[in-house]
Amino acid sequence: MGTLLALEGAVAQGLLYAIMTLGVYITYKLLDFADLTVDGSFALGGCVSAILITVGMDPFTSLLIATLAGMASGVVTGFFNTVFKIPPILSGILTMLALYSINLRVMLGKANVPLGQEETIFTIIQKWIPIQTDLLVILIGLVIVVLVIAFMYWFFGTEVGSAIRATGNNADMIRALGVNTSWMKIIALLFSNGLVALSGALVTQYQQNASVTNGTGTIVVGLASVIIGEVIFGNRFNFIYKLSSVVIGSLIYRIVVALVLEAGLDTQDLKLFTAVFVALALAVPVFKQRIQRLSNRTGKPKKQQDSNESEQGGAPNDSTQ
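Residue 35 is where the sequence shown starts when you use the working numbering, and the numbers rise one by one after that.
Written out as structure tokens, the structure reads:
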């Protein structure tokens, strides 16, 4: 029974974190931009949503403002990279460092803000749909994820979306066609960090607690989910299946973590487990390539031997005739 409840909670969290993972997918896979702003923008979304709820704002409106705050952080990272020509990783680190202080300011100097008895979108909807909390979160998370995937599928099929994807594939080529790649990067970072902040706000309302350290390691979790989905499903499918695989990767990651904790792993070792798990996930494609090369090498001599035997076997028949 305990394991079943743990799995329900893992699926609920997996769907909420999947929104963040989709944001990471935009920068990591589509734009080919190593954005470390994620750790800061995830916490920013949670901090903004929590503090607005505590001052009496509607939880739904707080999600919108949290998303806009995340978008603003993405614009700052894009500005550092495109205007100041700071490398992508360093641009993200600078924004992430700034966001730590900004998050403390947002929460009025407090490191944690518990929501306690404050209403969230989940408690409000639970009044309309009186079901168990984790099941309700799964339902809401699934609806939001489907809407996000549908929007991304539409947006990246538009002229601007296609230009963003082309910027990630070959910036020089798309620049030669007259496209402003700086704007494409900023738009992608804006969109990505908006999703990350939305995810942070939803997770905060689900856990009913906001912390300036909530975003620590978020980029690692996002990359792990993207890689897991890619390893399982590969790159053979169309765009909407790739987006779905990212969500499934997030679910698998959360389920694995829940099962490991249920098996007795100390929570202080969770970061170590995450690092090892991500390293193995990243190494899987390399192992696959090496195994394929070895099988090709061993297969060629065998095929050559079979062809030689067939040629030798055919000679006597020709001579007898």
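Beta carbons: idealized from backbone N, C-alpha and C, even for Gly.
Just so we're clear, the structure is a prediction, and the values are computed from it rather than from any experiment.
Backbone CA spacing between residue i and residue j [nearest angstrom]
| i | j | result |
| --- | --- | --- |
| Met-130 | Thr-71 | 5 Å |
| Thr-250 | Arg-288 | 16 Å |
| Met-54 | Thr-332 | 43 Å |
| Ala-317 | Trp-162 | 46 Å |
| Ala-84 | Ser-96 | 8 Å |
| Gly-108 | Gly-228 | 8 Å |
| Pro-93 | Leu-86 | 8 Å |
| Gly-195 | Arg-327 | 36 Å |
| Asp-303 | Arg-324 | 31 Å |
| Thr-252 | Gly-143 | 22 Å |
| Ser-75 | Ala-297 | 32 Å |
| Gly-212 | Asp-206 | 10 Å |
| Phe-267 | Ser-284 | 13 Å |
| Arg-209 | Ile-158 | 48 Å |
| Leu-128 | Thr-111 | 8 Å |
| Leu-176 | Leu-236 | 13 Å |
| Lys-322 | Ser-329 | 11 Å |
| Ala-103 | Ala-313 | 32 Å |
| Ala-309 | Val-254 | 8 Å |
| Gln-242 | Met-141 | 15 Å |
| Phe-114 | Ile-99 | 23 Å |
| Asn-214 | Thr-301 | 46 Å |
Per-residue DSSP class, three states only, for residue i
| i | result |
| --- | --- |
| Val-147 | strand |
| Asn-203 | helix |
| Ala-297 | coil |
| Ala-244 | strand |
| Gln-302 | helix |
| Asp-66 | coil |
| Leu-98 | helix |
| Asn-272 | coil |
| Ile-165 | coil |
| Phe-157 | First, the residue type needs correcting, since residue 157 is Thr and not Phe in the sequence shown. In this structure, Thr-157 counts as helix in the three-state DSSP scheme. |
| Leu-257 | helix |
| Lys-119 | coil |
| Phe-190 | coil |
| Asp-92 | coil |
| Leu-39 | helix |
| Asp-352 | Confidence at Asp-352 is low in this model, with a pLDDT of 47, below 50, so its placement is unreliable and the value that follows should be read with caution. Of the three classes helix, strand and coil, the one that applies to Asp-352 here is helix, per DSSP. |
| Gly-249 | coil |
| Met-105 | helix |
| Leu-173 | helix |
| Leu-316 | helix |
7 Å CB neighbourhood of residue i in its chain, flanking five on each side removed
| i | result |
| --- | --- |
| Ala-315 | Ala-258, Ile-261, Ile-262 and Val-265 |
| Ile-60 | Ala-222, Phe-225 and Ser-226 |
| Thr-192 | none |
Residue i: CB within 6 Å of a non-hydrogen atom of the ligand FAD
| i | result |
| --- | --- |
| Met-218 | The ligand content of the structure shown is nil, which means the ligand FAD is not present either. |
Spatially closest choice to residue i from the options, by CA coordinates
| i | options | result |
| --- | --- | --- |
| Ile-220 | Gly-202, Leu-236, Ile-87 and Val-290 | Gly-202 |
| Asn-269 | Ile-253, Val-237, Pro-319 and Val-294 | Pro-319 |
| Asn-204 | Ala-77, Asp-66 and Val-177 | Asp-66 |
| Ala-197 | Thr-111, Leu-64 and Phe-321 | Leu-64 |
| Pro-122 | Phe-156, Gln-47 and Tyr-62 | Tyr-62 |
| Met-105 | Met-141, Leu-232, Val-294 and Arg-209 | Leu-232 |
| Leu-78 | Lys-305, Gly-298 and Gly-234 | Gly-234 |
| Gly-57 | Gly-256, Pro-164, Phe-113 and Gly-212 | Gly-256 |
| Val-294 | Gly-175, Ser-279, Gly-126 and Phe-311 | Phe-311 |
| Ile-183 | Asn-214, Ser-278 and Thr-308 | Ser-278 |
| Leu-133 | Asp-73, Leu-299, Val-230 and Leu-306 | Asp-73 |
| Thr-101 | Lys-119, Leu-306 and Val-230 | Val-230 |
Contact set for residue i: own chain, Cβ-Cβ below 6 Å, skip 5 residues either direction
| i | result |
| --- | --- |
| Ser-216 | Thr-116 |
| Glu-42 | Asp-168 |
| Thr-238 | Gly-80, Ser-83, Ala-84 and Ala-244 |
| Val-281 | Ala-52 and Val-179 |
| Ala-44 | Arg-288, Ile-289 and Ala-292 |
| Met-218 | Ala-197, Ile-198 and Thr-201 |
| Ala-68 | Pro-122 and Ile-123 |
| Gly-126 | Asp-69, Leu-70, Thr-71 and Thr-111 |
Spatial neighbours of residue i in its chain, beta-carbon cut-off 8 Å, leaving aside the 5 residues before and after
| i | result |
| --- | --- |
| Thr-88 | Val-147, Leu-149 and Glu-152 |
| Tyr-240 | Ala-46, Gln-47, Leu-50, Thr-154, Phe-156 and Val-171 |
| Ala-40 | Ala-292, Leu-293, Leu-295 and Glu-296 |
| Gln-160 | Thr-167 and Leu-170 |
| Thr-37 | Leu-293 and Glu-296 |
inquiry  = Under 8 Å: do the region 137 to 147 and the region 226 to 246 share three or more Cβ pairs, one atom per stretch?
reply    = yes
ask   = How do the region 271 to 281 and the region 181 to 189 stand: do at least 3 beta-carbon pairs fall below 8 Å, yes or no?
value = yes
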